[in-house]
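Take the sequence shown: its letter number 17 is residue 739 in this note's numbering, and every next letter is one higher.
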Amino acid sequence: MPATKEHKPRPPTSPKKRAAQVLELLQQQQGVPVWHPRYDPTTELVFTILSQHTSDVNSERAGRKLKATFSSWDAVADANPADVAEAVKSAGLSKQKVPRIQETLKRVRELTGDFDLTFLREMPLADAKAWLKALPGVGPKTTAIVLSFALGLPAMAVDVHIHRVTGRLGLIGPKVNADKAHDVLEPMLPQDDIYGFHVALIAHGRQVCKALRPRCGECVLRDACPGRCE
723 MPATKEHKPR PPTSPKKRAA QVLELLQQQQ GVPVWHPRYD PTTELVFTIL SQHTSDVNSE
783 RAGRKLKATF SSWDAVADAN PADVAEAVKS AGLSKQKVPR IQETLKRVRE LTGDFDLTFL
843 REMPLADAKA WLKALPGVGP KTTAIVLSFA LGLPAMAVDV HIHRVTGRLG LIGPKVNADK
903 AHDVLEPMLP QDDIYGFHVA LIAHGRQVCK ALRPRCGECV LRDACPGRCE
């Protein structure tokens with residue numbers, strides 16, 4: 723008799739159920755991350771601006787050099803842009819990033835009188851997002867990273883890995899860009915799961931669901947995937 727094709731279970735149709743299944747499978751493999759603050763909110767803000775269009779290694783090197791070179795955020799905000807550019811050159815694109823960092827720091831200082839953004843933790847999430855997005859050059863991804871990684875708030879940050887993986891899984895549609903994906907994905911999960919979902923998807927995107935050569939044969943989400951790799 724001819725061989726029959728192995729039946730592939732259909733993934734749940736509800737986006738919330740599918741997101742929950744994805745998180746469960748990934749955390750069975752990776753474990754459950756424990757949240758802890760990476761940096762204070764202003765440092766997270768500046769480092770995230772530095773991270774745009776460069777590697778984590780280069781942006782972190784630039785951030786450490788920036789803090790070692792200048793005694794305070796006041797000093798960075800008021801410095802000669804060429805001196806700031808020299809400190810952060812490993813992050814690349816200094817002509818774009820330095821003005822954005824200095825303008826953002828000056829605006830934060832103008833609004834708060836200092837650089838303490840911990841008050842955002844006490845605001846409704848939508849208001850905290852709106853406050854950060856009003857800063858020069860701060861978009862949904864930077865906003866979510868600051869709120870999630872520095873303050874422990876349930877904001878869903880979407881980077882290229884998360885956008886790619888959730889697109890292949892069908893959790894977001896093909897016309898949903900990364901900025902819109904934040905608002906699409908965030909309501910799919912209980913607030914307590916948003917940080918873990920972010921961490922799990924980034925790891926999966928880097929290690930398995932790669933851009934050019936996804937390792938579908940090793941993927942724990944294979945049965946939950948609509949078959950984007952086949």
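No residue lacks a Cβ here, since even glycine has one placed at the ideal position from N, Cα and C. No experiment lies behind these values; they were computed from the predicted model shown.
By Cβ distance, which residues of its chain are closer than 6 Å to residue i, with the 5 residues on each side in sequence left out?
| i | result |
| --- | --- |
| SER773 | SER781 |
| ALA900 | VAL880 and HIS885 |
| GLN824 | ALA799 |
| GLY814 | THR776 |
Tell me where the alpha helix (DSSP H) around residue i begins and ends.
| i | result |
| --- | --- |
| ARG935 | ARG935 -> no alpha helix (DSSP H), and no H or E assigned at all. |
| TYR917 | 916 to 929 |
| ALA773 | Ala is not the amino acid found at residue 773; the sequence shown has Ser there. Element bounds for SER773: 763 to 773. |
| ASP901 | 900 to 907 |
| ASP805 | 803 to 809 |
Just how far apart, CA to CA, sit residue i and residue j?
| i | j | result |
| --- | --- | --- |
| VAL882 | ARG928 | 10 Å |
| ARG843 | VAL868 | 11 Å |
| CYS947 | GLU940 | 13 Å |
| ALA804 | ARG760 | 28 Å |
| GLU808 | GLN818 | 13 Å |
| ALA741 | PRO909 | 10 Å |
| PRO724 | PRO896 | At PRO724, the pLDDT of 49 sits below 50, so the modelled position is not reliable; the number obtained from the coordinates is stated separately. Computed Cα separation, rounded: 37 Å. |
| ALA790 | LYS811 | 14 Å |
| LEU788 | ALA877 | 27 Å |
| ALA856 | ILE771 | 15 Å |
| ALA784 | SER793 | 15 Å |
| ALA911 | GLY861 | First, the residue type needs correcting, since residue 911 is Leu and not Ala in the sequence shown. The alpha-carbon atoms of LEU911 and GLY861 are separated by roughly 22 Å. |
| PRO846 | THR865 | 14 Å |
| LYS932 | LYS902 | 21 Å |
| LEU854 | PRO737 | 28 Å |
| SER816 | LYS863 | 20 Å |
| ARG944 | CYS938 | 7 Å |
Counting contacts by CB-CB distance shorter than 9 Å, is residue i in contact with chain C?
| i | result |
| --- | --- |
| ALA877 | Within the model displayed, chain C is absent; a lone protein chain is all it includes. |
When the distance is taken between beta carbons, is residue j closer than 9 Å to residue i?
| i | j | result |
| --- | --- | --- |
| ASP915 | LEU767 | no |
| THR826 | PRO858 | yes |
| ARG831 | ASP796 | yes |
| GLN750 | VAL930 | no |
| LEU875 | ALA850 | yes |
| ILE894 | LEU907 | yes |
| SER870 | HIS920 | yes |
Leaving out the 5 sequence neighbours to the left and right, which residues in its chain are closer than 7 Å to residue i when beta-carbon positions are compared?
| i | result |
| --- | --- |
| LYS666 | This structure does not reach residue 666, given that the chain is present from 723 up to 952, and the question cannot be answered. |
| PRO763 | LEU839, THR840, LEU842, VAL868, ALA872 and LEU873 |
| GLY892 | PRO948 |
Below 8 Å CB to CB, which residues in the same chain sit around residue i once its five sequence neighbours on both sides are set aside?
| i | result |
| --- | --- |
| VAL754 | GLY918 |
| VAL820 | PRO803, VAL806, ALA807 and VAL810 |
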